[in-house]
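Notes for the one structure printed next.
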Ligand code: PEP
Ligand code: MG
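Residue numbers (full-length UniProt numbering): 520 to 835.
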């Protein structure tokens with residue numbers, strides 16, 4: 520039975536009404552990418568590169584980085600691998616990169632905002648990425664983007680580095696949608712990005728203005744809050760098919776939430792490797808079209824708990 524489950528996890532997941540959803544993995548590096556491949560991942564949807572930089576005395580060299588990213592590409596043998604550029608700041612700090620002590624680090628210099636002051640670190644990461652093979656499988660993703668200017672600046676820097684290195688075909692470049700302003704400006708981002716990936720963990724935190732690390736708020740911090748769902752809807756509608764839209768936050772692996780995400784038009788889910796078989800099995804049971812007919816009513820409900828109760832009742 521286990522062999523049969525493995526076999527079916529390797530196949531693409533198509534909903535009952537015929538929509539194929541890519542199910543990818545969130546990983547920390549090459550070793551986890553090998554596990555993801557065994558679990559049947561259709562790709563790596565999020566390699567959190569900050570894991571290479573944490574718990575050390577100094578930043579990893581270009582070669583160290585290249586080896587780790589290449590291991591993830593090798594593990595996936597030609598399937599797409601999304602590497603997110605260093606997302607440090609807020610809860611994640613590096614001893615060799617002291618950031619100013621500010622009262623609200625979650626609203627401070629973190630993610631892509633770091634690059635204005637840390638050009639050397641970014642260049643080392645982009646150099647390592649541009650040395651990978653095959654570059655056609657690599658996708659570079661920018662965290663904490665709040666508007667299209669950040670994407671433009673990064674694309675320019677990538678192009679400059681590529682021409683210095685003699686790389687002619689650039690990897691795809693996408694952005695995370697995890698700040699409300701990015702969701703609301705999805706149309707302009709989608710016009711210039713190769714893909715969008717919604718980070719529901721931070722998008723929920725910033726939409727509800729509730730710290731994702733605060734245990735006192737955990738019960739209310741629900742991705743199914745109608746305000747968060749409206750921003751996800753705005754993202755999919757803003758993209759309007761110009762580029763693919765996925766989700767890489769924890770919601771992608773939650774059976775109730777993923778049903779709503781697919782109904783909202785999300786085309787790719789990226790989850791913890793061990794969840795891949797279960798997520799593919801849930802998707803095969805879903806009728807996305809029928810679910811979508813319920814959405815407008817769900818978006819009018821009072822809070823996440825109310826939406827959760829309705830979705831649960833409907834799926835049963
Ligand atoms: C997110 O914010 O949803 C996300 C996937 O990124 P992280 O959890 O690493 O902040
Ligand atoms: Mg995030």
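Every residue, glycine too, gets a C-beta built ideally from N, C-alpha and C.
| Query | Result |
| --- | --- |
| Cβ-heavy atom distance, residue 583 to the ligand MG, below 7 Å | no |
| Where residue 621 falls: helix, strand or coil (DSSP) | coil |
| For residue 711, the nearest candidate out of 735, 670 and 690 (CA to CA) | 670 |
| Segment contact, 8 Å Cβ cut-off, at least three pairs: the region 610-629 with the region 641-657 | no |
| Member of 815, 770, 791 and 592 whose CA lies at the smallest distance from the CA of residue 743 | 770 |
| CB contact flag (residue 731, residue 739, <8 Å) | no |
| Closer than 7 Å: residue 721 CB and nearest the ligand MG heavy atom | yes |
| Residue 697: CB within 7 Å of a non-hydrogen atom of the ligand MG | yes |
| Distance cut-off 7 Å: residue 627 Cβ against heavy atoms of the ligand MG | no |
| Residue 601 to residue 575 span [Cα, whole Å] | 24 Å |
| Opening and closing residue of the beta strand (DSSP E) in which residue 790 lies | 787-790 |
| The region 754-770 / the region 824-834 touching (three or more Cβ pairs under 8 Å) | no |
| Any non-hydrogen atom of the ligand MG closer than 7 Å to residue 668 Cβ | no |
| Helix, strand or coil at residue 659 [DSSP, three-state] | strand |
| Same chain, Cβ closer than 6 Å to residue 598, neighbours up to 5 away in sequence not counted | 562 |
| Closer than 7 Å: residue 762 CB and nearest the ligand PEP heavy atom | no |
| Neighbourhood of residue 801 by C-beta, 6 Å cutoff - its chain only, sequence neighbours within 5 removed | 774 |
| Cβ distance (whole Å) where residue 607 is taken to contact residue 577 below 8 Å | That pair is no contact at about 14 Å. |
| Contact set for residue 698: own chain, Cβ-Cβ below 8 Å, skip 5 residues either direction | 663, 664, 665, 721, 722 and 725 |
| Other residues of its chain near residue 729: CB distance less than 6 Å, five sequence neighbours each side excluded | 736 and 740 |
| For residue 586 and residue 645, the rounded distance between their alpha carbons | 13 Å |
| Residue 718 and residue 767 closer than 8 Å at C-beta | yes |
| Nearest candidate by alpha-carbon position, reference residue 522, set 545, 559, 538 and 548 | 559 |
| Continuous alpha helix (DSSP H) stretch holding residue 679: start and end | 667-684 |
| Residue span of the alpha helix (DSSP H) that contains residue 575, given as start and end | Counting along the chain, residue 575 falls outside any alpha helix (DSSP H), and DSSP gives it neither H nor E. |
| Segment limits, beta strand (DSSP E) that includes residue 544 | 539-546 |
| Closest by C-alpha distance to residue 594, when choosing among 657, 814, 637 and 680 | 657 |
| Residues near residue 799 in its chain [Cβ-Cβ closer than 6 Å; skip 5 each side] | 528, 532 and 542 |
| Same chain only: Cβ atoms within 7 Å of residue 685, ignoring 5 sequence neighbours per side | none |
| For residue 765: DSSP bridge partner residues | 716 and 787 |
| 8 Å Cβ cutoff met for residue 570 and residue 605 | no |
| Nearest-angstrom Cα separation, counted from residue 617 out to residue 792 | 32 Å |
| Per-residue burial, residue 588 [other beta carbons within 10 Å of its own, 16 or more giving buried] | buried |
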